[in-house]
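Chemist:
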Amino acid sequence: MQLKLLWELQELDLAINDIKRKIENAPQLSGVEEAKEYKAEKEREYGELEEKLNNDRKKLKKLELQEQKITGDRQELNDSMYGGKVKNIKELEQMQRRMDSLAEEKKKVEEEILVLMESIEEQEDNLERVERELSEGRQTLVEKENRLEEELNSLNRELSRLQDEREQQSAKIDQQYLDKYQVLAEKCQGKALAKVENDICSGCRVFISSAQRGHLYNPSAMVYCENCGRLLVRLDNH
Ligand SMILES: [Zn+2]
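Structural data, given as structure tokens:
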């Protein structure tokens, strides 16, 4: 009877260890860390794109002002040249050269504006895409964190149920059996007891000697496997 209770205690202990291992591994398996990294990566990417875009928008504004100024200067120059006030040919020629150089400058600025506008449009598309990815990443992280929390709650509930059950179980067992069990469990990776199945120790798969087999029929005897040292249990229903 004591051995059967002890066997059940071992089953509880193995289940408790299994749950503890699951609790320990759950965060890593949940994918929360990866989701955090992904989110951080997207935030970084978004920040960089946004900064570059803002800089380019400022640059564009500056170029547009520059273009306006050139247009204004040309208008002014045009008015002076054709206003009839300037008669000196040399001066007029000089003004014409200035007019030509302003035209060239304007053309250059307009080209720069065009290139920059195209680049800004592309950057805006990119920013929109990264914003979408970031928002998806945030959503995924929240979902994974919630799922992990739920899983941990349920595992902890199961653990405390098993621990209560273990306490009740061990209260039914004599101290000398518990002590023996404790020592053997530490030596045998938690498996202090082994069932006897077809005269074989289920702990190490070695035949049990006929002398020991005889002792197994004495319900109060503690019989150990000569090979692995585990406490042998014969369960009637096996
Ligand atoms: Zn054995």
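Just so we're aligned, residue -9 is where the sequence shown starts under the numbering used here, counting upward by one. Quick reminder that beta carbons are idealized off the backbone N, C-alpha and C, glycines included. Nothing here was measured: the structure is a model prediction, and the numbers come from that model.
1. Between the segment 127 to 140 and the segment 34 to 50, do three or more beta carbon pairs fall short of 8 angstroms?
2. Once DSSP output is grouped into helix, strand and coil, what is the label at residue 230?
3. Which same chain residues end up closer than 8 angstroms to residue 184 when comparing Cβ atoms and leaving out the 5 residues on each side of it in sequence?
4. Classify residue 129 as buried or exposed, calling it buried when 16 or more other Cβ atoms lie within 10 Å of its own Cβ.
5. Return the bridge partner residues of residue 183 from the DSSP annotation.
6. Do you know how far the Cα of residue 92 is from the Cα of residue 60?
7. Just jot down, in chain order, the residues whose CB lies closer than 6 angstroms to any heavy atom of ligand 1.
8. Residue 28 and residue 127 - do their beta-carbons sit closer together than 7 angstroms?
9. Which complete alpha helix (DSSP H) runs does the segment 115 to 188 hold, if anything under 4 residues is left out?
10. Could you tell me the distance, in whole angstroms, from the CA atom of residue 26 to the CA atom of residue 96?
11. Take the Cβ of residue 0 as the centre, count every other Cβ of all protein chains shown within 10 Å, and call the residue buried at 16 or more, exposed below.
12. Tell me the DSSP secondary structure of residue 207 in three-state form.
13. Using the C-alpha atoms, what's the distance from residue 34 back to residue 68?
14. In the DSSP assignment, what are the bridge partners of residue 214?
15. Could you give the distance in angstroms between the alpha-carbon of residue 189 and the alpha-carbon of residue 148?
16. Just checking: is the beta-carbon of residue 24 within a distance shorter than 7 angstroms of some beta-carbon in chain B?
17. Are the beta-carbon atoms of residue 167 and residue 19 separated by less than 7 angstroms?
18. Check each candidate in 117, 106, -2 and 181 and name the one with the smallest Cα separation from residue 53.
19. Could you name the residues of the same chain whose beta carbon sits closer than 7 angstroms to that of residue 203, not counting the 5 residues immediately before and after it, in chain order?
20. Pairs of beta-carbons, one from the segment 107 to 119 and one from the segment 2 to 22, closer than 8 angstroms: are there three or more?
21. For residue 56, I'd like the list of residues in its chain whose CB is within less than 7 angstroms of its CB, leaving aside the five on either flank, ordered along the chain.
22. If we count the other Cβ atoms within 10 Å of its Cβ and call it buried at 16 or more, is residue 213 buried or exposed?
23. Taking just the CA atoms, how far does residue 159 sit from residue 182?
24. Within 10 angstroms of the Cβ of residue 104, are there 16 or more other Cβ atoms? Answer buried if so, exposed if not.
25. Compare the Cα-Cα distances from residue 112 to each of 66, 39, 179 and 76 and report the closest residue.
Modeler: So, from the listed chains and residues:
1. no
2. Any question about residue 230 goes unanswered here, given that the chain covers just -9 to 228.
3. Start at 1 with the first residue of the sequence shown, and residue 184 comes out as number 194. Same-chain partners within the cutoff: 191, 192, 193, 194, 215, 218, 220, 221, 222 and 223.
4. Translated into the one-based positions of the sequence shown, residue 129 becomes position 139. Result: exposed.
5. Taking the first residue of the sequence shown as 1, we reach residue 183 at position 193. The partner list for residue 183 (beta bridge, DSSP) reads 221.
6. Locating residue 60 in the sequence shown gives position 70, counting from the first residue. Locating residue 92 in the sequence shown gives position 102, counting from the first residue. If you draw a straight line from the Cα of residue 60 to the Cα of residue 92, it comes to about 7 angstroms.
7. Each of 184, 191, 193, 194, 196, 215, 217, 218 and 220 has a C-beta closer than 6 angstroms to some heavy atom of ligand 1; these make up the full list, in chain order.
8. Mapped onto the sequence shown, residue 127 falls at position 137. Mapped onto the sequence shown, residue 28 falls at position 38. Against a cut-off of 7 angstroms, the Cβ pair of residue 28 and residue 127 comes out as a contact.
9. 165 to 177
10. Here residue 26 corresponds to residue number 36 of the sequence shown, with the count starting at 1. Here residue 96 corresponds to residue number 106 of the sequence shown, with the count starting at 1. Distance between the alpha carbons of residue 26 and residue 96: 49 angstroms.
11. Counting from 1 along the sequence shown, the entry for residue 0 is found at position 10. Burial call: buried.
12. Taking the first residue of the sequence shown as 1, we reach residue 207 at position 217. Coil.
13. Counted from its first residue, the sequence shown places residue 68 at position 78. Counted from its first residue, the sequence shown places residue 34 at position 44. Between residue 68 and residue 34, the alpha-carbon positions lie close to 51 angstroms from each other.
14. Residue 214 sits at position 224 when you count from the first residue of the sequence shown. Partner(s): 221.
15. Within the sequence shown, numbered from 1, the residue matching residue 189 stands at position 199. Within the sequence shown, numbered from 1, the residue matching residue 148 stands at position 158. Distance between the alpha carbons of residue 189 and residue 148 is about 35 angstroms.
16. Looking at the structure shown, chain B is missing, and only one protein chain is on hand.
17. On the sequence shown, residue 167 is found 177 positions in, with the first residue counted as 1. On the sequence shown, residue 19 is found 29 positions in, with the first residue counted as 1. Against a cut-off of 7 angstroms, the Cβ pair of residue 19 and residue 167 comes out as no contact.
18. On the sequence shown, residue 53 is found 63 positions in, with the first residue counted as 1. Residue 106 is the option with its Cα nearest to residue 53.
19. Taking the first residue of the sequence shown as position 1, residue 203 is located at position 213. 189, listed in sequence order.
20. no
21. Locating residue 56 in the sequence shown gives position 66, where the first residue counts as 1. Once the five neighbours on either side are set aside, the close Cβ partners of residue 56 are 99.
22. On the sequence shown, residue 213 is found 223 positions in, with the first residue counted as 1. Residue 213 comes out buried.
23. Residue 182 sits at position 192 when you count from the first residue of the sequence shown. Residue 159 sits at position 169 when you count from the first residue of the sequence shown. Those two C-alpha atoms are separated by around 16 angstroms.
24. Here residue 104 refers to the residue found at position 114 when the sequence shown is read from its first residue. Exposed, since its Cβ has fewer than 16 Cβ neighbours within 10 Å.
25. By 1-based counting over the sequence shown, the position of residue 112 is 122. If we check each option's Cα against that of residue 112, 39 comes out closest.
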